[in-house]
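Student:
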Amino acid sequence: MSKRRFAFPYLIWMTIFIVVPLFLIFFYAFTDNASGKTLFTLEHVKAIFQPLYLKVIGRSFYMSLIATLVCFVMGYPAAMILASKDFSQKNTMLILIVLPMWMNFLLRTYSWLSLLENEGLINRFLVSIGLGQVQLMYNNFAVILGMVYNFLPFMILPIYSVLVKIDKSVVEAAKDLGANGARVFLRIIFPLSMPGVVSGITMTFMPALSTFVISRLLSGGKITLIGNIIEQQFTITGDWGLGSALSLLLMVLIFISMIFINKYGDESVGAGGLL
Amino acid sequence: MKKALVILLSVIMVLSFTGCAKDREVLNVYNWGEYIDMEVLDMFEEETGIKVNYNTFVTNEDMYVKLSKGRVSYDVIFPSDYMIQRMIDEDMLQKINMDNVPNYFNIADVHKNLSFDPDNEYSVPYLWGTVGILYNKTMVSDTVDSWDILWNEKYSQKIFMQDSQRDSMMVALIRLGYSQNTTDQNQVNQARDLLIAQKPLVLGYLVDEVKDKMVQGEGALAVVWSGEAVAAMELNEDLAFVIPKEGSNRWVDSMVIPKNAKNVSAAEKFINFMLRDDIMVMNANETGYSITSKTAIELLDEDWRNNLVAFPTEEMMSECEFFEYNAEATVMYNKAWTEVTAN
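Heads up: the sequence lines are chains A and B, in that order.
When you line the first sequence up against the working numbering, it's residues -6 to 268, in that order.
When you line the second sequence up against the working numbering, it's residues -16 to 326, in that order.
(1) Applying the criterion that 16 or more other CB atoms from any shown protein chain within 10 Å of the CB defines a buried residue, is Q43 (chain A) buried or exposed?
(2) Looking at chain A, is there any beta carbon in it that lies within less than 8 Å of the beta carbon of Y272 (chain B)?
(3) Check whether the segment 285 to 294 of chain B and the segment 145 to 153 of chain B are in contact - that is, three or more C-beta pairs closer than 8 Å.
(4) Based on Cα-Cα distance, which residue from A:W95, A:H37, A:G68 and A:A135 lies nearest to L241 (chain A)?
(5) Could you tell me which of B:I280, B:A312 and B:V41 sits nearest to R69 (chain B), measuring between CA atoms?
(6) Should D25 (chain A) and G231 (chain A) be called a contact, given that it needs their Cβ atoms to be closer than 8 Å?
(7) Just the Cα atoms here: how many angstroms apart are A174 (chain B) and I254 (chain B)?
(8) List, in chain order, every chain B residue whose beta-carbon is nearer than 7 Å to that of T217 (chain A).
(9) Between the Cα of V239 (chain B) and the Cα atoms of B:G160, B:N11, B:F61 and B:M46, which residue gives the shortest distance?
(10) Which chain B residues sit within Cβ distance under 8 Å of T228 (chain A)?
(11) At 7 Å on the CB atoms, spell out the chain B contacts of G214 (chain A), in chain order.
(12) Per DSSP, what are the beta-bridge partners of P241 (chain B) in this structure?
(13) State the DSSP-derived secondary structure class of A172 (chain A), mapped to helix, strand or coil.
(14) Provide the residue(s) that pair with T113 (chain B) in DSSP beta bridges, ordered along the chain.
(15) Please indicate yes or no: does the CB of F144 (chain A) lie closer than 7 Å to some heavy atom of the ligand HEM?
(16) Name the DSSP beta bridge partners of S276 (chain B), please?
(17) So, V171 (chain B) versus Y316 (chain B), is the Cβ gap smaller than 8 Å?
(18) Starting from the C-beta of A203 (chain B), find all residues in its chain whose C-beta is less than 8 Å away, skip the five residues before and the five after it, and write them out in chain order.
(19) Residues bridged to K34 (chain B) by DSSP?
(20) Between the alpha carbons of S237 (chain A) and N83 (chain B), how many angstroms are there, rounded?
(21) Going along the segment 210 to 232 of chain B in order, which residues come within less than 7 Å of chain A, judged by CB to CB distance?
(22) Can you check DSSP and say which residues form a bridge with F143 (chain B)?
(23) Can you tell me the Cα-Cα spacing of T85 (chain A) and Y142 (chain A), whole angstroms?
(24) Between which residues of its own chain and E322 (chain B) is the CB-CB distance below 8 Å, once the five residues before and five after are set aside?
(25) If you pair each beta-carbon of the segment 149 to 164 of chain A with each one of the segment 179 to 196 of chain A, do three or more pairs fall below 8 Å?
(26) Note down the Cα distance separating L239 (chain A) from M7 (chain A), rounded to an integer number of angstroms.
(27) Starting from the C-beta of Q77 (chain B), find all residues in its chain whose C-beta is less than 6 Å away, skip the five residues before and the five after it, and write them out in chain order.
(28) Under 8 Å by Cβ, that's how I've got S129 (chain B) and P227 (chain B) pegged, so tell me the actual separation to the nearest angstrom.
(29) Is it right to say A4 (chain B) is buried, meaning 16 or more other beta carbons lie within 10 angstroms of its own, or is it exposed?
(30) Hey, G200 (chain B) and E112 (chain A): beta-carbon distance below 8 Å or not?
(31) At the level of alpha carbons, what is the spacing between M251 (chain A) and A175 (chain A)?
(32) I'd like the span of the alpha helix (DSSP H) that includes L109 (chain A), first residue to last.
(33) Take T102 (chain A) as the anchor and find which of A:K83, A:A22, A:F1 and A:T204 has the nearest alpha-carbon.
(34) Evaluate T275 (chain B) with the Cβ neighbour count: other Cβ atoms within 10 Å of its Cβ, from every protein chain shown; 16 or more gives buried, anything less gives exposed.
(35) Please classify V136 (chain A) as buried or exposed, where buried requires at least 16 other C-beta atoms within 10 Å of its C-beta.
(36) Determine the extent of the beta strand (DSSP E) in which L145 (chain A) is found, giving its start and end residues.
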């Protein structure tokens, strides 16, 4: 009974800030009040299945998948280095990874602008040493870079926290039984770190898929992701129905990807355990 | 008992705080970004004792959605011509009692009795300007006098367009020889396709950032509002501005009082204050946009007054038109612009 009482504030919090907004998205996605009366409609849901929006969703998936992959390839080794016990600079490095997150997200992305612009710092340096100007901004590369930069810590930290907790005696046992380094990693460490990998992927892929700030700033408003289209419906065209329907679709797609990732993750953990 | 006392005391404290806040009159102002000399607001607060809550928007559409759907209340807003027409149509504005705005007398006649508010009942002109091409003379070798140059492959990845649907659609419609206020779906579609075809040449679609980028030399050509051009040309001598010969858009941003304003008398005071000559001059100098007052213009520096970018002759603007609002066409423009950006 007393436990329940403690949970009560959280319940109110969740109702106000999670359940109600979700309900509102559903409400706007399935209603229309153009005629002055609020009526049920499937128009918005039908409207989202236009090739145009599907193309944008495809582009968003493509770019956030690449960003997630890059984060993983960069983040996993970083997490391993952090977790290894003979790494003496561990705390310094942890702080360096977390430090940028203390700064405002917009500010960090804006500062990339002054680096990547055609007249930005990097290009000025390239020109001054005789190499020509390279277009670093206003393209897919810049947007993916922005995603990787902003979400990399969310890949490293979950993997790190799982790696640190792996029982060292399991690794030693594998070595005693004659497994070499690569084999230990593939058969023991990697499978055991799978929960961290899954949450790392979740935490980078989801925000990358729905971002609109990174794409707008670093592509100069040229590359439109699904987040931008949704934002546009809410701020410029005022079509909240379509915007909500697109948000719903995005949520469903994220939900499906999460099921997929989690299932895959569980299986490999299981497989790792069996082997 | 002690507990009850604490609660009672805190209730009294909270009440007394809200009391304080209510004592001071508050005015909520909603204006474009970078569209005022912020010192003007301090001066207004000092002179009247009214506290100004100042917020900004990026485009007319952005402002309209916040106002019509967000259930927020502002006392003074600065929309453009066609948006004022829309807000009058939708009964969102209240008539302004011009007796309380004596400085309205200073407004030049060319800015009065315009089609969006024919009897000057709802709006008081603030700043005006045109839309044209800002270009960098060191990067552009051709003569810039036509919208065509924005489709010239030579300047691929050197062109900035406006991330503002009416302005960008206007460029494409006029290039096709249509009216910028067309309500013909077929013409809107053609303009949309033209903008999609242009996309590979465009470096970015921006609004407030264009000025700084052009000053830095980031792009060669940009569609901008005249005031941005004035400000940019002051910072970089290589820049020039032209109103294309096919015609363009001219606009005036005016101050209006929405129906749900909470402090109408302060709004009137503020509007009157903004029309004062010294305040007009401060805002003109800060923003680079052209003032609507016939008395304040005499107080500007001579260079400024004779600047043809800021104050083009009627002849230069002979092909320029105001945007007009049409409910059905707005749906078409919204859709077309979404398709351009999504592509």
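Beta carbons: idealized from backbone N, C-alpha and C, even for Gly.
Being a predicted model, the structure only gives us computed values, none of them experimental.
Tutor: In terms of the structure at hand:
(1) The residue given as residue 43 (chain A) occupies position 50 in the first sequence. The residue is exposed, with fewer than 16 neighbouring Cβ atoms inside 10 Å.
(2) Working through the second sequence from its first residue, we reach residue 272 (chain B) at position 289. So no, Y272 (chain B) is outside the interface.
(3) No: fewer than three Cβ pairs fall under 8 Å.
(4) As a first step, residue 241 (chain A) is located in the first sequence; it is residue number 248 there, counting from the start. Cα-wise, what sits closest to L241 (chain A) is A:H37.
(5) For the purposes of this step, residue 69 (chain B) is identified with residue 86 of the second sequence, where counting begins at 1. Checking every option, the nearest Cα to that of R69 (chain B) belongs to B:A312.
(6) Looking up residue 25 (chain A) in the first sequence gives position 32. Looking up residue 231 (chain A) in the first sequence gives position 238. It is not a contact, given that the beta carbons lie outside the stated cut-off.
(7) Here residue 174 (chain B) refers to the residue found at position 191 of the second sequence. Here residue 254 (chain B) refers to the residue found at position 271 of the second sequence. Near 38 Å, if we compare the C-alpha coordinates of I254 (chain B) and A174 (chain B).
(8) The sequence position of residue 217 (chain A) within the first sequence is 224, counting from 1. Ordered by position in chain B, the residues that pass the 7 Å Cβ test against T217 (chain A) are T324 and A325.
(9) Counted from its first residue, the second sequence places residue 239 (chain B) at position 256. That would be B:F61, whose Cα lies nearest to the Cα of V239 (chain B).
(10) Here residue 228 (chain A) refers to the residue found at position 235 of the first sequence. Within chain B, E44, D45, V48 and K49 have C-beta atoms less than 8 Å from the C-beta of T228 (chain A), given in sequence order.
(11) Working through the first sequence from its first residue, we reach residue 214 (chain A) at position 221. Contact annotation for G214 (chain A) against chain B: D146, G187, Y188 and L189 [CB-CB distance below 7 Å, chain order].
(12) In the second sequence, counting from the first residue as 1, residue 241 (chain B) sits at position 258. In the DSSP output, where bridge partners are listed per residue, P241 (chain B) has B:L76.
(13) Here residue 172 (chain A) refers to the residue found at position 179 when the first sequence is read from its first residue. A172 (chain A) falls in the coil class under three-state DSSP.
(14) In the second sequence, counting from the first residue as 1, residue 113 (chain B) sits at position 130. Looking at the DSSP output, T113 (chain B) sits in a beta bridge with B:R233.
(15) No copy of the ligand HEM appears in this structure; indeed no ligand is present at all.
(16) By 1-based counting over the second sequence, the position of residue 276 (chain B) is 293. For S276 (chain B), which the question treats as bridged, DSSP gives the partners B:I90.
(17) Along the second sequence, one-based indexing puts residue 171 (chain B) at 188. Along the second sequence, one-based indexing puts residue 316 (chain B) at 333. Yes. Within cutoff.
(18) Locating residue 203 (chain B) in the second sequence gives position 220, where the first residue counts as 1. Hits under 8 Å: Y118, N119, M122, V123, Y138, K141 and I142.
(19) In the second sequence, the residue the question calls residue 34 (chain B) occupies position 51. B:V9.
(20) Counted from its first residue, the first sequence places residue 237 (chain A) at position 244. Counted from its first residue, the second sequence places residue 83 (chain B) at position 100. Computed Cα separation, rounded: 44 Å.
(21) Residues: none.
(22) What you label residue 143 (chain B) is simply residue 160 of the second sequence in a count that begins at 1. Paired residues: B:G187 and B:A205.
(23) Taking the first sequence and counting its residues from 1, one reaches residue 85 (chain A) at position 92. Taking the first sequence and counting its residues from 1, one reaches residue 142 (chain A) at position 149. Rounded to whole angstroms, T85 (chain A) to Y142 (chain A) spans 19 Å at the Cα level.
(24) Taking the second sequence and counting its residues from 1, the one referred to as residue 322 (chain B) is at position 339. In the same chain as E322 (chain B), and ignoring 5 residues on each side of it, the C-beta atoms closer than 8 Å to its own belong to R175 and I179, in chain order.
(25) The segment 149 to 164 of chain A makes contact with the segment 179 to 196 of chain A, as at least three CB pairs between them are under 8 Å.
(26) Position 246 of the first sequence, counted from the first residue, corresponds to residue 239 (chain A). Position 14 of the first sequence, counted from the first residue, corresponds to residue 7 (chain A). L239 (chain A) and M7 (chain A): Cα-Cα distance of roughly 23 Å.
(27) Start at 1 with the first residue of the second sequence, and residue 77 (chain B) comes out as number 94. These residues qualify, in order along the chain: I240 and K242.
(28) On the second sequence, position 146 is the one that residue 129 (chain B) refers to. On the second sequence, position 244 is the one that residue 227 (chain B) refers to. In this structure S129 (chain B) is in contact with P227 (chain B), their Cβ atoms being roughly 5 Å apart against a cut-off of 8 Å.
(29) Position 21 of the second sequence holds residue 4 (chain B). Because the pLDDT of A4 (chain B) is 49, which lies under 50, any placement of that residue in the model is unreliable, and the question is left without a value.
(30) One-based indexing of the second sequence puts residue 200 (chain B) at position 217. One-based indexing of the first sequence puts residue 112 (chain A) at position 119. Against a cut-off of 8 Å, the Cβ pair of E112 (chain A) and G200 (chain B) comes out as a contact.
(31) If you number the first sequence from 1, residue 251 (chain A) lands on position 258. If you number the first sequence from 1, residue 175 (chain A) lands on position 182. Straight-line spacing of the CA atoms in M251 (chain A) and A175 (chain A) works out to 29 Å.
(32) Along the first sequence, read from residue 1 onward, the residue named residue 109 (chain A) stands at position 116. Unbroken alpha helix (DSSP H) run through L109 (chain A): F98 to L109.
(33) As a working mapping, residue 102 (chain A) is identified with position 109 in the first sequence. Nearest Cα to T102 (chain A) within the set A:K83, A:A22, A:F1 and A:T204: A:T204.
(34) Here residue 275 (chain B) is taken as the residue at index 292 of the second sequence, counted from 1. By the C-beta density criterion, T275 (chain B) is buried, having at least 16 other C-beta atoms within 10 angstroms.
(35) Counting from 1 along the first sequence, the entry for residue 136 (chain A) is found at position 143. Buried.
(36) What you label residue 145 (chain A) is simply residue 152 of the first sequence in a count that begins at 1. Run containing L145 (chain A): none in the beta strand (DSSP E); it sits in the alpha helix (DSSP H), N133 to K158.
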